[in-house]
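Note sheet for the following structure.
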Amino acid sequence: MLASVGREWIALGQPDTGLKLVSDWLATHPDDPAIDVRIRYGELLAAADRDDALRAWIADVRARPGLAAAQRADLDHQSLRLAVRDTDRHIAAGDFPAAQRTLDAVPAAQQRERRWLLALADLREARGDYAGAADTARQVLATNPQDAGARLMVANMLERQGDEKQALEMVRAVLADTPEDDIDTRLSSARRFTAMRREDEAMAVVAPLRQRYPERADVAVQAGRIARSRGDFNGAAALYREARMLERRENVVAGPDGTQSERALAALEARREGQVATGVAFAHKSGDPGISRLLATEIPLYVRIPHGYTGHAFFHADTVLLDAGTLPGDSEAGSRDFGRFRALGNAGIGRIGQNDRGVALAAGYEFNGAYNSWRADIGTTPLGFLRQNIVGGLRWRGEMGPASTTVDVSRRPVTSSLVSYAGATDPAHLVDGQVVGAATWGGVVRNGVHVRYARDVGRFGLFADLGYGIYTGHNVLTNREFTVRTGFDVPVYERRDQRLSSGLVLNYWRYSENERYYTFGHGGYYSPQRYLSFSIPLDWTGRSGKLSWRVRGSVGWSSTYEKSMPIYPTDAGLQQKVGGAMYDGGSGGGISYTIGAIVEYRFAPHWVAGAGFEIDRSRDYAPNRAQAYVRYFFDKQQGPVPYPPTPVRPYSAY
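Residue numbers (the working numbering): 19 to 672.
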């Protein structure tokens, strides 16, 4: 009787009062073993989430003489329930070894019980061992084929492994076997439908429960999840707030990261996250001084302002400094492949510093809905550069089940060299006693479209990307580009906080003109008439505590062909002065590799900092990149750090 009253006090949110009823009785009867009362008191400790006290209490009761077999069985059940709760806490904290040790410590006889097996399945799921989790759940089904929890676990793992059709059939079968008054199982089925983007089926389960049980917080939370999955974010927020009020009435005990409704609401509010970010990015490409060499320094300033649950306005003000070194204008050999030097000579010309600087400005808006997203932006190449352009783009992405399509129409700068990005000046020349005025060329932009299709097939992610672009610049030969990129990726190792994937990527490029050179009329960017490559990428990303990381690398093989080109493709007079000379074409290719890494650390609730590098190596191409950045979030960041890291991206890299 006292235990029943104590449980009522605990349900009312006053656990100390409920526990005191029984503990006072035990204190006044020190000579009465009262094993059954002590066992009931252990149940009260469990109901009040006093697990440390429960652990000591179970040990004390076990040590008392005269325990009957049924009483020992009750204590065994309490110990197992405690072990499962400890396991859940370790999993939530990401301490998988501790969770495994907790389960291993359970007596072998109890390791055949349903609760232990499903806890092990939860642990294997958290570790990314989806096949192992399904096998463990099937051990439960071997003795109880109708166990709803085990069947839903198997369905979840089938979906994780890419077999959505069988997973969906299993969830439907579980629901068909579930009585109307089994609320927990029906809600679990609705959660699986929602995860598989079957919102109508999920709502068909939840709507009757909302009518029948309007005071249940867990039903309101699930209705909110369905609303969010449908893209009704305001409706979801209202349902989560209603559920939070109901939880308070139910005296729900919050975990370390809040109650169920509080966690759901916090995840939803993260969609309205604003930030200010800045950093510095370096890119270095070796080459001839003053011509093809480049050290680019970009200092982006990025501001992102939320608009409701679906939109963000963003702004860029990126300082850009380019340094190609010093052109040895006083050396015929050192300057003949720049501007008009080969045609007009270098009489009276000295050494010329080749650098430029400016500030790129941009503004845009992003929309991120439930099934589609888009981004529109407009901006400039750096104001202050010799050549300046208006740039921008529109990107749309739509999802349908396991497939997605992305269309990107844009006008973007070509940042390969000083000539292509900022433009360059060929100085005045003295030719046969006459001054030939200075001339500028460069500032190349790509005007084009990309279409990407991606689809998950089982554990494989397949993708294909088609691109077409027209390259234009001031006094630069117009060029046309066609590209294909296709391949697949597959997880090699997957855990809740880590993922290692690999795959195969095929690239094919074709440009109408070969404009890799830096003489007047050329664009100063790599544009082969045939480029074919195969590469095997490796991508490892994860998090630990406040740190997240991404390490990427690839090894590949390529075959290329570049056609011969006039020295001055846009000026017949200059071309005549060099006797119609041509740059030689030819085939090339070989082995290439890339390696890069980035780490990000949350050093304060509103702040993260990151740094990274990337190295590319192939025949005649060896750029190096490095960056560091800091980001301030308007709202306090809670919960695990996201991964992979998201470095600050300059506007030139859109």
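Even for Gly, the Cβ is constructed at its ideal location relative to N, Cα and C.
Three-state class that DSSP yields for Leu-495 in the structure shown: The residue given as residue 495 occupies position 477 in the sequence shown. Three-state result, Leu-495: strand.
Buried or exposed by the 16-neighbour rule on C-beta atoms within 10 Å, applied to Asp-336: Taking the sequence shown and counting its residues from 1, the one referred to as residue 336 is at position 318. Per the 10 Å Cβ criterion, buried.
Cβ-Cβ distance between Ala-168 and Met-188 below 7 angstroms: Here residue 168 corresponds to residue number 150 of the sequence shown, with the count starting at 1. Here residue 188 corresponds to residue number 170 of the sequence shown, with the count starting at 1. Cβ distance not < 7 angstroms, so Ala-168 and Met-188 don't count as in contact.
Beta-carbon spacing of Arg-259, Glu-217 below 7 angstroms: Indexing the sequence shown from 1 puts residue 259 at position 241. Indexing the sequence shown from 1 puts residue 217 at position 199. It is not a contact, given that the beta carbons lie outside the stated cut-off.
Contact check, Gly-479 vs Gly-505, beta carbons under 7 angstroms: If you number the sequence shown from 1, residue 479 lands on position 461. If you number the sequence shown from 1, residue 505 lands on position 487. No, the pair does not count as a contact, with Cβ atoms beyond the cut-off.
Cβ pair Asp-374, Leu-340 closer than 7 angstroms: Your numbering for residue 374 matches position 356 in the sequence shown. Your numbering for residue 340 matches position 322 in the sequence shown. In this structure, Leu-340 lies closer than 7 angstroms to Asp-374 by Cβ.
Simplified DSSP state of His-334, which is helix, strand or coil: Counting from one through the sequence shown, the residue named residue 334 turns up at place 316. The answer is strand: DSSP assigns His-334 an E or B state.
Touch test, the region 219-239 against the region 264-283, Cβ-Cβ under 8 angstroms, three pairs minimum: yes
Alpha helix (DSSP H) segment containing Pro-658, residue limits: Along the sequence shown, one-based indexing puts residue 658 at 640. Counting along the chain, Pro-658 falls outside any alpha helix (DSSP H), and DSSP gives it neither H nor E.
Residue burial classification, Glu-198 (beta-carbon count within 10 angstroms, cutoff 16): For the purposes of this step, residue 198 is taken as the residue at position 180 of the sequence shown. Answer is exposed; the Cβ neighbour count stays below 16.
Ile-244 and Met-214 closer than 7 angstroms at C-beta: Residue mapping note: residue 244 aligns to position 226 of the sequence shown, counting from 1. Residue mapping note: residue 214 aligns to position 196 of the sequence shown, counting from 1. Going by C-beta atoms, Ile-244 is not nearer than 7 angstroms to Met-214.
Bridge-paired residues (DSSP) for Gln-547: Position 529 of the sequence shown, counting from 1, holds the residue named residue 547. DSSP lists no partner for Gln-547.
Neighbour-count burial assignment, His-447, 16 or more Cβ in a 10 Å radius: Your numbering for residue 447 matches position 429 in the sequence shown. Looking at its Cβ environment, which holds 16 or more other Cβ atoms inside 10 Å, His-447 is buried.
Own chain, CB closer than 8 angstroms to Trp-575, minus 5 neighbours either side, in chain order: Within the sequence shown, the letter at position 557 stands for residue 575. Result list for Trp-575: Ser-551, Phe-552, Ser-553, Gly-607, Gly-608, Ile-609 and Ser-610, in chain order.
Per DSSP, the bridge partner or partners of His-325: Looking up residue 325 in the sequence shown gives position 307. According to DSSP, His-325 bridges with Gly-329.
Reduced DSSP category for Met-600 - H, G, I as helix; E, B as strand; rest coil: Counting from 1 along the sequence shown, the entry for residue 600 is found at position 582. Of the three classes helix, strand and coil, the one that applies to Met-600 here is strand, per DSSP.
Nearest-angstrom Cα separation, counted from Asp-275 out to Leu-136: The residue given as residue 136 occupies position 118 in the sequence shown. The residue given as residue 275 occupies position 257 in the sequence shown. The alpha-carbon atoms of Leu-136 and Asp-275 are separated by roughly 23 angstroms.
Endpoints, beta strand (DSSP E) assigned at Ala-299: Against the sequence shown, residue 299 aligns to sequence position 281. Segment 293-303, the beta strand (DSSP E) holding Ala-299.
Which listed residue (Gly-416, Ser-391, Ile-109 and Val-377) has its alpha carbon closest to that of Gly-397: Taking the first residue of the sequence shown as position 1, residue 397 is located at position 379. Residue Val-377 is the option with its Cα nearest to Gly-397.
Complete alpha helix (DSSP H) runs within the region 134-209 (minimum length 4 residues, chain order): 148-161, 166-178 and 182-195
Residue ranges of each beta strand (DSSP E) within the region 558-606, 3 or longer: 565-580
Proximity winner among Ile-408, Gly-347 and Thr-424, relative to Val-462 (alpha-carbon distances): As a position in the sequence shown, residue 462 is number 444, starting the count at 1. Nearest option by C-alpha distance: Ile-408.
Completely contained beta strand (DSSP E) runs for the region 412-494, where each covers 3 or more residues: 421-431, 442-444, 447-449, 452-454, 457-475 and 478-492
Residue from Tyr-529, Ala-482, Asp-515 and His-540 with nearest C-alpha to Asn-493: Start at 1 with the first residue of the sequence shown, and residue 493 comes out as number 475. Closest option to Asn-493, Cα to Cα, is His-540.
Identified DSSP bridge partners for Asp-634: Working through the sequence shown from its first residue, we reach residue 634 at position 616. Asp-634 is bridged to Thr-612.
Tyr-661 beta carbon less than 7 angstroms from that of Thr-559: The residue labelled residue 559 in the question sits at position 541 within the sequence shown. The residue labelled residue 661 in the question sits at position 643 within the sequence shown. Against a cut-off of 7 angstroms, the Cβ pair of Tyr-661 and Thr-559 comes out as a contact.
Whether Arg-145 touches Arg-477 by CB criterion (7 angstroms): Translated into positions along the sequence shown, residue 145 becomes position 127. Translated into positions along the sequence shown, residue 477 becomes position 459. It is not a contact, given that the beta carbons lie outside the stated cut-off.
Buried versus exposed call for Tyr-327 [16 or more other C-beta atoms within 10 Å across all chains shown]: For this step, residue 327 is matched to residue 309 along the sequence shown. By the 10 Å Cβ count, Tyr-327 comes out buried.
C-beta atoms of Pro-663 and Arg-568 nearer than 7 angstroms: Walking along the sequence shown from the start, residue 663 turns up at place 645. Walking along the sequence shown from the start, residue 568 turns up at place 550. In contact: Pro-663 and Arg-568 (Cβ atoms closer than 7 angstroms).
Length of the line joining the Cα atoms of Leu-138 and Thr-154: For this step, residue 138 is matched to residue 120 along the sequence shown. For this step, residue 154 is matched to residue 136 along the sequence shown. Rounded to whole angstroms, Leu-138 to Thr-154 spans 7 angstroms at the Cα level.
CB contact flag (Gly-387, Thr-344, <7 angstroms): Indexing the sequence shown from 1 puts residue 387 at position 369. Indexing the sequence shown from 1 puts residue 344 at position 326. Going by C-beta atoms, Gly-387 is not nearer than 7 angstroms to Thr-344.
Rounded separation between Glu-26 and Asn-252 - CA only: As a first step, residue 26 is located in the sequence shown; it is residue number 8 there, counting from the start. As a first step, residue 252 is located in the sequence shown; it is residue number 234 there, counting from the start. Below a pLDDT of 50, predicted positions are generally treated as unreliable, and Glu-26, at 48, falls in that range; no measurement from the model is reported.
DSSP-derived helix/strand/coil call for Asp-341: On the sequence shown, residue 341 is found 323 positions in, with the first residue counted as 1. Looking at Asp-341 - three-state DSSP - the assignment turns out to be strand.
Burial state of Tyr-586 (16 or more Cβ within 10 Å): Walking along the sequence shown from the start, residue 586 turns up at place 568. That one is buried.
Reduced DSSP secondary structure (H/G/I, E/B, other) of Asn-252: One-based indexing of the sequence shown puts residue 252 at position 234. Helix.
Whole-angstrom distance between Phe-300 and Arg-354, CA atom to CA atom: Reading the sequence shown from its first residue, position 336 is the one you call residue 354. Reading the sequence shown from its first residue, position 282 is the one you call residue 300. Roughly 28 angstroms separates the two Cα atoms.
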